[in-house]
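One structure is given here, and the rest of the page talks about it.
Residue numbers (this note's numbering), protein chains in the order written: chain A, 244 to 565; chain B, 10 to 439.
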């Protein structure tokens, strides 16, 4: 009984909740549209009128400055009006249910909700309950999914590597608690890469990790052999308190990406990180700031990719003709 | 209340596992009791005659471990609403959990529930008293007083006993009175914030998992304490195949140990949660195909001798949140018999064994003089049409809680009459 909430009857994207359930064509189409938007920042007039008169509501139940800002900027570049609704300091802390919050915002005639929530499944829940004409983009739910982040990572990889099929990609760090990693793994496999590796200590890998279609490594150096793309994940401080790791020091000793370890990868390998980075915890400064790092490009591509997703979902596809 | 009528139940197939009966026999009921089986008592004049031709007549079902929500949670359900649902499901005895507000840790709370239930008159309500005060796992509840007031067992419910010394003392103290101790064994530290089985689905959906070890670690501890204290332990709502095997092994030397399984665990699996289906969120969680098959096997072999509904009615809002924020539980009274009959249809159990898991089994575990249709026994009957095909609909449920994953399921076998103490409490409209 698995419904695909994300697609309408014609198989087009209605919501973006997770990478799971999307076909390679869906992902490629988003990346293609993003390509046309990626040229905009170089122009003097950066705005396009595609979503003029549309209302986008950023509905953030978890603090986030950068993701919310890039969504806001993306919506404004498409000429949409943006409402920012920061719920962690608003209604639900006064006991209002999520559904009540949603009904209130719907009364403000929003066309699109961009949702971030601490619970896995929150975006699905909202998509199931919104009015028929309203769409939902998942901007991160619990440990489940963060599809626009994964798409901007795919965009970055495609810009540097072109074809996905021959690639070996390593994702390093806290996979278990990472919605970014789950979405990346699904996107990479959907796009047909040769191999996805996840590298980390047993406490940070999910229970049935292999069922995600990945190879497991506990040793960073052997895991990096011959890879084309290295994705480092942010290590949260609270992992030390939950008895998952002994110390940040030991973590860096075992899983920190240094220049020496980077040599194990292919000579043209790129280094990615969804940010914000912990220098000296998961990545050495010399690598983060080095020539192989594409971390800052990821941020700027994030705007183009989010413009692509919003314009596609709201049915304004003119972006391709720019 | 008026005297219960003289009733003649005729031409049915009587299935009474406690008495080893499975044959066409008539029943004569008078004054709320079974007067005679098979042979008409002289001079009997029936005021009501029930034609059970083509129907199965069995003892009223006993559901071990239900949440009636009253007092304290009347927005979810009431004794009145749930005893009506019980009658609809052929259940005549509800053994309720002490997790009310206030908790059943004093005879006064139990007395309140007993009176309400008696006023409703649709089913017998029995209670498990609290093992510890306020179920807090710190100080022992007044088990002696609870037993004298009529509580049939003690339990800490789903409030786990984290402190092993308190668990030991509570089990020891309960042994003083030979009170059955009903255990929902789960290690709270291993469970942590988990909401689903820690397996492939949790991995894919990014949901916090509850490892199987949360159950096996706690069952191992509680088996060791059972051996040490000699208490009558009943393991309630098992979810893992491994725990069922551990209990079967312990039963080789100690037949006073018993276990039950919630009927939904014999059908649903972790994959049913996919798509964040809150109606499939239960505690303990739905596990793997292998667990389901091993639990079915343990029921078939008689190592698990009770099937229960683990009835937990909720208001709609409780399931209308993002998955981890929803309340666990299924409103199960009305699907207990239909699902159990599905096990017969699927060849897991024969009919008498299936009925035994809902009647003689729970009666034996709790030491109740119920679940059998001997002359003199309470006239509690469940009569069902084993061939009736029907579709279960959530919006037609009698329970105040319509939280069910079985909406739209096709069943064969439907309750036509329920009799409680010789009165008809449910009759299926033709």
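Glycine included, each C-beta is placed from N, C-alpha and C at the ideal position.
The beta carbon of residue 316/B is closer than 7 Å to those of 269, 270, 272, 308, 349, 366 and 367 in its chain, skipping five residues each way along the sequence. Three or more Cβ pairs drawn from the region 388-397 of chain A and the region 244-260 of chain A lie within less than 8 Å of each other, which places the two stretches in contact. If only uninterrupted alpha helix (DSSP H) runs of at least 4 residues are considered, those enclosed by the region 327-385 of chain A are 341-349 and 365-372.
Close to residue 334/B, with beta-carbon spacing below 7 Å, are these residues of chain A in chain order: 362. By the Cβ neighbour-count rule, residue 381/A is buried, with 16 or more other Cβ atoms within 10 Å of its own. In the DSSP assignment, residue 244/B falls within the unbroken beta strand (DSSP E) covering 242-244.
Distance from the CA atom of residue 371/B to the CA atom of residue 390/B, rounded to whole angstroms, is 16 Å.
Residue state for residue 196/B is assigned as coil, using DSSP reduced to three classes. Proximity of chain B to residue 367/A at the Cβ level (cut-off 9 Å) is accounted for by 284, 285, 331 and 332, in chain order. Of the candidates 124/B, 209/B and 74/B, the residue whose Cα lies closest to the Cα of residue 247/B is 74/B. One alpha carbon belongs to residue 281/A, the other to residue 219/B, and they sit about 44 Å apart. In the DSSP assignment, residue 138/B falls within the unbroken beta strand (DSSP E) covering 133-139. In summary, the residues of the region 414-425 of chain A whose CB is separated from some CB of chain B by less than 7 Å are 422 and 425, in the order they occur in the chain. For residue 383/A, not one C-beta of chain B is nearer than 7 Å to its own C-beta. Shown here is that no member of the region 225-244 of chain B has a Cβ falling below 8 Å from a Cβ of chain A. Within chain B, the C-beta atoms nearer than 7 Å to that of residue 452/A come from 212, in chain order. For residue 68/B, the enclosing beta strand (DSSP E) stretches over residues 65-68.
When 464/A, 552/A and 268/A are compared, the shortest CA-CA separation from residue 413/A is found for 464/A. Here residue 288/A is exposed: its Cβ has fewer than 16 other Cβ atoms, across all protein chains shown, within 10 Å. For the 7 Å CB-CB criterion, residue 94/B and residue 310/B do not form a contact. Look at the beta carbons and you see the region 397-410 of chain A touching the region 425-441 of chain A: at least three pairs across the two are nearer than 8 Å. A direct Cα-to-Cα measurement between residue 32/B and residue 432/B gives close to 24 Å. Close CB contacts of residue 414/B within its chain, under the 8 Å cut and outside five residues either way in sequence, are with 273, 277, 281, 286, 288, 289 and 339 (chain order). The C-alpha of residue 247/A is placed about 24 Å away from the C-alpha of residue 436/A.
Under the 7 Å criterion on CB atoms, residue 216/B is classed as interfacial with respect to chain A. For residue 238/B, the uninterrupted alpha helix (DSSP H) segment begins and ends at 222-238. Contact residues of the region 429-453 of chain A toward chain B are 449, 450, 451 and 452 (C-beta to C-beta distance below 8 Å). Ranked by Cα distance from residue 373/A, the first of 352/A, 468/A, 421/A and 496/A is 352/A.
Per the coordinates, the alpha-carbon of residue 322/B lies some 40 Å from the alpha-carbon of residue 298/A. By the Cβ rule, the region 465-483 of chain A does not count as touching the region 223-242 of chain B, because fewer than three pairs are nearer than 8 Å. Residues of the region 385-398 of chain A that bring their beta carbon within less than 9 Å of a beta carbon in chain B comprise 385, 386, 387 and 388, in sequence order. Residue 475/A and residue 516/A do touch by the CB rule: their CB atoms are close to 5 Å apart, below 8 Å.
Spanning the alpha carbons of residue 50/B and residue 17/B requires a straight line of approximately 11 Å. An exposed status is given to residue 306/A, since fewer than 16 other beta-carbon atoms sit within 10 Å of its beta-carbon. By the neighbour-count criterion, in which 16 or more other beta carbons inside 10 Å mark a residue as buried, residue 251/A falls on the exposed side. The beta-carbon distance between residue 349/A and residue 377/A, rounded to whole angstroms, is 7 Å. This is short enough to meet the 8 Å contact definition.
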